[in-house]
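Data first, discussion second: the structure below is written as structure tokens.
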Amino acid sequence: MVGCLMYLLATRPDLAFSVCLVARYMERPTEIHMAAVKRILRYLKGTTSYGLWYERGKGDELVGWSDSDYAGDIDDRRSTSGYVFMIGTKAVSWSSKKQPIVTLSTTEAEFIAAAGSACQGVWLSRILTAIDARKGNCITIYCDNSSSIKLSKNLVMHGRSKHIDVRFHFLRDLTKEGIIQLVHCSSFEQVADIMTKPLSFDSFSRNRDKMGLCTLELIN
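If you count the sequence shown from 1, you need to add 7 to reach this note's numbering.
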């Protein structure tokens with residue numbers, strides 16, 4: 008069942024967090040994991056008409072959102088990174104993934120999530136440049152953690168960042184060169200929140216609409 012649900016992630020970003028969460032337990036699933044999969048299937052049955060509808064002339068600017076929870080996995084206390092990239096009003100790339108290391112603060116968790124988002128943003132920008140031969144503009148990535156934004160701009164090592172693995176500090180070089188721009192946004196406006204943690208129905212529906220998911224009835 009999880010394998011079938013994985014195919015839907017290509018067009019249903021609202022399922023990314025829940026499906027990736029249950030996929031972690033496919034080796035030794037229990038009854039609670041079976042119940043979680045059935046809950047996803049019930050949600051899917053009630054939203055079969057939802058999907059992404061891309062329209063021409065609805066903007067061509069690449070914008071991203073990056074977010075992370077903190078020690079959300081109760082088994083190994085690793086955090087979950089999530090990002091959403093949109094062109095115009097529709098999501099074109101998204102991810103929900105457990106981080107490779109255990110973080111010691113929310114700042115470190117958000118910084119690692121932003122570094123992963125920057126990788127995807129640079130790749131998408133190069134694809135867009137190759138398609139229409141335009142110059143790559145600075146990629147704006149919205150983050151709701153002020154400390155991680157300051158850390159990406161501050162080249163001085165201090166107690167909060169000296170333990171962070173070197174491979175994540177390339178984000179500083181991208182920020183310094185003007186390739187990536189981290190901009191602060193409120194948690195209420197954070198679209199990638201849907202990729203990192205369970206949300207209330209109102210918050211889930213709001214972020215789902217912001218990503219551009221709509222029903223066939225609205226299109227017709």
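No residue lacks a Cβ here, since even glycine has one placed at the ideal position from N, Cα and C. All values derive from a computational prediction rather than experimental measurement.
**Prompt:** Counting only runs that start and end within the region 106-156, where is the beta strand (DSSP E) found for 3 or more residues in a row?
**Reply:** 146-150
**Request:** Identify whether residue 32 lies in helix, strand or coil by the three-state DSSP scheme.
**Result:** In the sequence shown, counting from the first residue as 1, residue 32 sits at position 25. In the structure shown, residue 32 sits in coil (DSSP, three-state: anything other than H, G, I, E or B).
**Prompt:** Are residue 186 and residue 129 closer than 8 Å when you measure CB to CB?
**Reply:** Reading the sequence shown from its first residue, position 179 is the one you call residue 186. Reading the sequence shown from its first residue, position 122 is the one you call residue 129. Yes, they are a contact pair.
**Message:** For residue 22, count the other beta carbons within 10 Å of its own beta carbon; 16 or more makes it buried, fewer makes it exposed. Which is it?
**Reply:** On the sequence shown, position 15 is the one that residue 22 refers to. Flag for residue 22 reads buried.
**Request:** Report the rounded CA-to-CA distance for residue 124 versus residue 148, giving the unit in angstroms.
**Result:** Locating residue 124 in the sequence shown gives position 117, counting from the first residue. Locating residue 148 in the sequence shown gives position 141, counting from the first residue. The alpha-carbon atoms of residue 124 and residue 148 are separated by roughly 8 Å.
**For residue 182, three-class secondary structure by DSSP** = As a first step, residue 182 must be located in the sequence shown, where it is residue number 175. Three-state result, residue 182: helix.
**One or two residues paired with residue 93 in a DSSP bridge** = Reading the sequence shown from its first residue, position 86 is the one you call residue 93. Paired residues: 70 and 98.
**Request:** Hey, could you find the ends of the alpha helix (DSSP H) residue 53 is sitting in?
**Result:** On the sequence shown, position 46 is the one that residue 53 refers to. Counting along the chain, the alpha helix (DSSP H) containing residue 53 begins and ends at 38-53.
**Request:** Check each candidate in 207, 38 and 203 and name the one with the smallest Cα separation from residue 20.
**Result:** Position 13 of the sequence shown, counted from the start, is the residue given in the question as residue 20. Taking only the C-alpha atoms, the option nearest residue 20 is 203.
**Asked** Does the beta-carbon distance from residue 78 to residue 86 come in below 8 Å?
**Response** Here the question's residue 78 lines up with position 71 in the sequence shown. Here the question's residue 86 lines up with position 79 in the sequence shown. Cβ atoms of residue 78 and residue 86: closer than 8 Å.
**Message:** According to DSSP, simplified to helix, strand and coil, what is residue 14?
**Reply:** Locating residue 14 in the sequence shown gives position 7, counting from the first residue. Helix, per DSSP.
**Asked** Whole-angstrom Cβ separation of residue 114 and residue 59, contact assumed at under 8 Å?
**Response** Within the sequence shown, numbered from 1, the residue matching residue 114 stands at position 107. Within the sequence shown, numbered from 1, the residue matching residue 59 stands at position 52. That belief does not hold up - the Cβ atoms of residue 114 and residue 59 are roughly 33 Å apart, past 8 Å.
**Asked** Are there 16 or more other CB atoms within 10 angstroms of the CB of residue 25, so buried, or fewer, so exposed?
**Response** Indexing the sequence shown from 1 puts residue 25 at position 18. By the neighbour-count rule (16 or more Cβ atoms within 10 Å), residue 25 is buried.
**Request:** State the DSSP-derived secondary structure class of residue 217, mapped to helix, strand or coil.
**Result:** Here the question's residue 217 lines up with position 210 in the sequence shown. Looking at residue 217 - three-state DSSP - the assignment turns out to be helix.
**Message:** According to DSSP, residue 104 sits in a beta bridge with which residue or residues?
**Reply:** Locating residue 104 in the sequence shown gives position 97, counting from the first residue. Beta-bridge pairing links residue 104 to 88.
**Prompt:** Can residue 178 and residue 122 be called in contact, C-beta distance under 8 Å?
**Reply:** Within the sequence shown, residue 178 is the residue found at index 171, counting from 1. Within the sequence shown, residue 122 is the residue found at index 115, counting from 1. Yes.
**Asked** Could you check where the beta strand (DSSP E) with residue 81 kicks off and where it finishes?
**Response** Position 74 of the sequence shown holds residue 81. Looking at the DSSP string, residue 81 is not in any beta strand (DSSP E), and its letter there is neither H nor E.
**Request:** For residue 212, name the three-state secondary structure that DSSP assigns.
**Result:** Indexing the sequence shown from 1 puts residue 212 at position 205. Helix, per DSSP.
**Asked** Measuring CA to CA, which of 102, 126 and 54 is closest to residue 212?
**Response** To locate residue 212, count along the sequence shown from 1; it is residue 205. Ranking 102, 126 and 54 by Cα distance to residue 212 puts 54 first.
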